[in-house]
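Novice: My questions all concern the structure below.
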Amino acid sequence: MKYIYILIIAFLVSAYSYANPVWKRKVINYERGQYEAGPQNWMIDQSENGWIYCANNNGLLEFDGVNWSLYPIRNRILRSLKIVNNKIFVGGSSEFGYFAPNQMGFLEYKSLSEKITGWTGEVWKILLNDNIIYFISDMHIHMYKDGLGIRTIAIDKKIDCSGIVGGKLYIGTTEGIFFLNKDNKMEFLPTSSSLLSHKLVSILPYENWLLVTTAQFGLYLLDNNSIQRVHSVADDFISTNQMFSTSILGSVVALGSVQSGTLLFDLKNPRFKEIYNLDNGLKNNTILSSFFDKDNNLWLGLDKGIGLIDLNTPVSHLYATVSPIGTGYCSALYRNEFYLGTNQGLYKSEPDGTCRLIKGSEGQIWSMLEYDNSLFCSGDNGIMVINANGTYKINIPGIWETHPIAPDKDKLIAGSYFGLDIIEKKNGRWAPSHRVENFNNSSRGFIEDDENPYSFWLVNDKQKVEKITFDSVFYGITNRKEYTLGSSRTSENLFFRKVDNNLIICGLDGIYQYSRITDSFDKYTQLESMLEGPRYYEFLFVDKLKNIWFVTDSKLKFRKYSPNGYNASIYNWGLSNELIINHENVYLPDSKSAVISVDNAFIKIDLTKDIYKLKNIKTYIKNLSSSRNDSIISTGQATALVSLPYSLNSIKINFAATDFTQTSDILYVYRLKGVDDEWSLPSSIASKEYTNLSEGKYVFEVKAFVNGSADSTNTASVSFMIFPPWYRSSLAYIFYFLIIIIFLFVLYKKTISKQKKIIYQKGEELIAQTKRYEEETKLKDQEIYELQNENLKTELRYKTQELSGYMLNVIRKNEILEDVKKNALSISKSIDEEKEVNIIKQKVVRLISQINSNIEHDTDFEVFKSNFDLVHQDFFRLLDERFPGLSRNDKILCAYLYMNLSTKEIAPLLNISTRGVEVNRYRLRKKMNLDRDINLSEYLQNLK
């Protein structure tokens, strides 16, 4: 309140300091076609997040600064609303209840009146006191508290207005004012007796009083003990109009009338009075409701539309509607009179706030110069000269501007469409002298040189910076020199300025200053660093207070100077849709204000206001909608994670900032984490579309640049999840896995079955082949067996014959030995008988011959051995391996035993007695280390 009060006082002081035009606050109108709802708006309130809500004919109307939304209620007209925490209580035609957001942030309505039977009427007011919601209808008071239900109090008189003051509920009727006592009974307020038969419009708290507004009989202050009439600048307005609504902020009261718009006045400042109606900005004169928002701006619910009066801005307009004087180009305060140059002519501000056209000045006025106690107004049809003696015209057509000539105070140089003209003062009157010879350039924006008063700087027809030097009488040009701005290209809007005695000019890539040492233009990096760096500056101006005004991106910006220097940050005035491109103009009539030329005449900026005080602005995300069908998916206030199917992977995100008075000058930067982690370039578009997003989790962030600063608002964010398409979902992958498993199983089964069949067939074939093979083998084996049997039989017969021969040979040897034995005995006998030597010798020779003959047959043993091994499976080889110490006779004995011959059969074969065979058997057993209980023949037969 203190802030708005100071603003109003400053406004009044500046308004009456000189013959200033009547500057009007900015009025914004929202018509039915914009918000797409009913025409009438009966009540207005603001939520914690800064959004505006209106009780509209068609339902609850919501405005976030960019987007309008309507929430209808069963075709009922809404008359009232009250926002309490996150609930929006509403009332209307036989209906009341509340809206509350669900998990996705969508407002859902719950009716409270449906529980009341037999009640009808209009709910005109909703009030809050001690956690109890009061729905005030024509003749009923409905009390609601969470968990306690609805209680209704019937009133026996029509309720015209109501209000909460000092913790009590008051109602206004034609029978006076009543209040609800502790017993929930209506009790008459005695001090309201003088208001009987008056129609009461509102009951509002003001300090310790009840501020009561009547329809046509003024305002009153009441308490329990007294009543007093409020006499103010509003009396005439009230008496000549019918009041319908009232709102109050501190001591500032807004009265809404049925016929003449709204009146603002201050209960503590009798000089403050502002009226807003069709004549100065409003689209409708019937004010159904009014509301001061958190930024101290005034919202008006109109019979047709909604109005917003910006009470918080330092910017005020000369005309709230279309300018009758045309587009503004220049202004000047001369001799305490305010002059305005427009495309229609030169105007003078009159004390009554109107602007009067100076006769003879019709046509475009480009610039003004105060010099020699005169005001020179240059324009399309010449130069209007205004001084104390009157007004006259210098008839030189097409003049951009005029400048003094330092060497001659009685001369001015004028830049025209076609060159340069010299104006001379003769006999106290200024008149044309001559045109500068051999110079035909259009000469807008030229400036004198600091060192040489005969030299001027300008931009020639070739868009080149040029320095021209005149002769001593300014008849002709003695020297011309062109300069370049480094590698920069020049623009059509070239202009010269002097900053701290430095000559500067702006190119497309930044600011350049003239260096006398090098006689060239160099980058002015120091000034660039104070502004927005090396870039194109469409306009740059340093005022008499050393404040720097400049235009970039078509927006007027400001760097304030203080005794400590340029410590304040850059402030963005905006005005992007109002400035005149290439003809921007800033004029300071005093140290407190600046006048800016715009397409709708002029605006004034109050320089005394703390423009750097942060507004209560919040950046938020309105909703997420599908780009495919424009349906809203979720709001930015959803408490649950927003989950989207893959079919909605193309989305549009709408966002805004709650600066209702500068929506066109707000820039937004945003980013979608997971796609682009860098902030986007600033943009005025309050939405962003993303198409064909992949599945995954995303976080969208946005923040606003307000007044050129990104730190003036919060960063709003919303998280959302895009599910994969059904064919890439978890269930799909499980399904695919199962399908693959089933397919592999079926394939396995088929393969196994096929392989079994093949194996079975192969098995059958193999069995058949095996059978055939076995049969063939059997036949072949049979044949082989038979052949082998025959061979074996033959060989056996052969071996048997050999063995038989051997055995016969052995028997023969034995017989021969027997003969030898007999012969030996005979020889021995002959010796004993002493026979003749010859006879003995003959017998010995015959014996030796017999022995030799038998020796020749000893190889028969080897033959016997070989054949025996062949027939009896290497018997002698095995015998030699097991018992290498056996003699030949031992081996022969073993062979006989192997053949299972008895002792008697063996004795003659060995030519020994049976006793000798037994002895040999014993010796053989001993050599073989065999026990006595082991059968020797069986042992030898089992030898392997």
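As numbered in numbering that gives the first Met the number 0, residues 0 to 943 make up the sequence shown, in order. Every residue gets a Cβ at the ideal spot worked out from N, C-alpha and C, and that includes glycine. This structure is a prediction, so every number in the text was calculated from the model and none was measured.
Compare the Cα-Cα distances from R73 to each of S79, F95, E531 and report the closest residue.
Specialist: The candidate whose alpha carbon is nearest that of R73 is F95.
Novice: So what's D278 in DSSP terms, helix, strand or just coil?
Specialist: In the structure shown, D278 sits in a helix (DSSP, three-state: H, G or I).
Novice: Using the beta-carbon count (16 or more within 10 Å), is M720 buried or exposed?
Specialist: Exposed is the call here.
Novice: Measuring only the C-alpha atoms, how far is T660 from L297?
Specialist: When rounded, the distance between both Cα atoms is 11 angstroms.
Novice: Please state the DSSP three-state secondary structure of V918.
Specialist: Helix.
Novice: Once the 5 residues before and after K672 are set aside, which same chain residues still bring their CB inside 8 angstroms of it?
Specialist: Counting only Cβ-Cβ distances below 8 angstroms, and skipping sequence neighbours, we find Y697, V698, F699, E700.
Novice: Mind reading off the beta-carbon distance from G327 to S596? Whole number of angstroms is fine, and I expect it under 8 angstroms.
Specialist: Rounded, the Cβ-Cβ distance is 4 angstroms, consistent with contact.
Novice: From which residue to which residue does the beta strand (DSSP E) around P403 run?
Specialist: Counting along the chain, the beta strand (DSSP E) containing P403 begins and ends at 398-404.
Novice: Once you ignore the five residues that flank I131 on each side, which residues in its own chain have a CB closer than 8 angstroms to its CB?
Specialist: Answer for I131: M142, Y143, K144, listed in chain order.
Novice: Can at least three beta-carbon pairs, one atom from the stretch 323-340 and one from the stretch 285-299, be found at a separation below 8 angstroms?
Specialist: Segments in contact, no.
Novice: Under a three-way DSSP split, which group does T524 fall into?
Specialist: Here T524 sits in helix by DSSP.
Novice: Taking 7 angstroms as the limit between beta carbons, can you name the residues of its chain near N576, skipping five residues before and five after?
Specialist: Once the five neighbours on either side are set aside, the close Cβ partners of N576 are S663.
Novice: Which ranges would you report for the beta strand (DSSP E) in the stretch 69-112 if only whole runs of at least 3 residues count?
Specialist: Listed in chain order, the complete beta strand (DSSP E) runs (minimum 3 residues) inside the stretch 69-112 are 77-83, 86-91, 94-100, 106-110.
Novice: Of the residues P533, Y560, T524, E531, which one's Cα is nearest the Cα of V541?
Specialist: Per the Cα distances, Y560.
Novice: Along the chain, where does the beta strand (DSSP E) containing S246 start, and where does it finish?
Specialist: Where S246 is concerned, the enclosing beta strand (DSSP E) stretches over 242-248.
Novice: Rounded to whole angstroms, what's the CA-CA distance from L507 to S432? Just pull it up for me.
Specialist: So the alpha carbons of these two residues sit roughly 37 angstroms apart.
Novice: Cβ atoms of T390 and L368: under 7 angstroms apart, would you say?
Specialist: Against a cut-off of 7 angstroms, the Cβ pair of T390 and L368 comes out as no contact.
Novice: Since I believe Y586 is in contact with A331 (beta carbons under 8 angstroms), could you give me their beta-carbon distance rounded to a whole number of angstroms?
Specialist: With 8 angstroms as the limit, A331 and Y586 qualify as a contact, their Cβ atoms being about 7 angstroms apart.
Novice: Nearest-angstrom Cα distance between T239 and Y333?
Specialist: When rounded, the distance between both Cα atoms is 39 angstroms.
Novice: Please classify W67: does DSSP put it in a helix, a strand, or coil?
Specialist: DSSP places W67 in strand when its eight states are reduced to three.
Novice: In this structure, what does DSSP give as the bridge partners for G635?
Specialist: Per DSSP, none; premise fails for G635.
Novice: From the DSSP output, read off the bridge partner residues of K945.
Specialist: The requested residue 945 does not occur in the structure, where the chain is confined to residues 0 to 943.
Novice: Compute the Euclidean distance between the alpha carbons of F236 and D278, then round it to the nearest angstrom.
Specialist: Approximately 15 angstroms, taken between the alpha carbons.
Novice: Taking the straight line between their C-alpha atoms, what separation do you get for W725 and I650?
Specialist: Computed Cα separation, rounded: 19 angstroms.
Novice: Y536: buried (16+ other C-beta within 10 angstroms of its C-beta) or exposed?
Specialist: That one is buried.
Novice: Helix, strand or coil: how does DSSP classify I766 here?
Specialist: Correct three-state label for I766: helix.
Novice: With a Cβ-Cβ cutoff of 7 angstroms, do N56 and Q39 count as a contact?
Specialist: It is a contact, given that the beta carbons lie within the stated cut-off.
Novice: By the DSSP assignment, the alpha helix (DSSP H) with T902 in it spans what residues?
Specialist: First-last of the alpha helix (DSSP H) with T902: 902-909.
Novice: In its own chain, which residues sit with a C-beta less than 8 angstroms from the C-beta of G695, not counting the 5 before and 5 after it?
Specialist: G673, M720, I721.
Novice: Going by CA-CA distance only, name the one from S196, T902, I152 that's closest to N919.
Specialist: Of the candidates S196, T902, I152, the one whose C-alpha sits nearest the C-alpha of N919 is T902.
Novice: In terms of residues, what are the limits of the beta strand (DSSP E) holding L880?
Specialist: It should be noted that the sequence gives Glu, not Leu, for residue 880. Where E880 is concerned, there is no enclosing beta strand (DSSP E), although the alpha helix (DSSP H) it sits in stretches over 874-881.
Novice: Does DSSP put S454 in a helix, in a strand, or in coil?
Specialist: It is a strand residue.
Novice: To the nearest angstrom, how far is it from the Cα of M529 to the Cα of L606?
Specialist: Cα-Cα distance, rounded: 20 angstroms.
Novice: How many Å lie between G146 and F187 at the Cα?
Specialist: About 31 angstroms.
Novice: Name the one or two DSSP bridge partners that K761 has.
Specialist: Paired residue(s): none; K761 is not in a bridge.
Novice: Quick one: grab the DSSP three-state call for G148.
Specialist: Strand.
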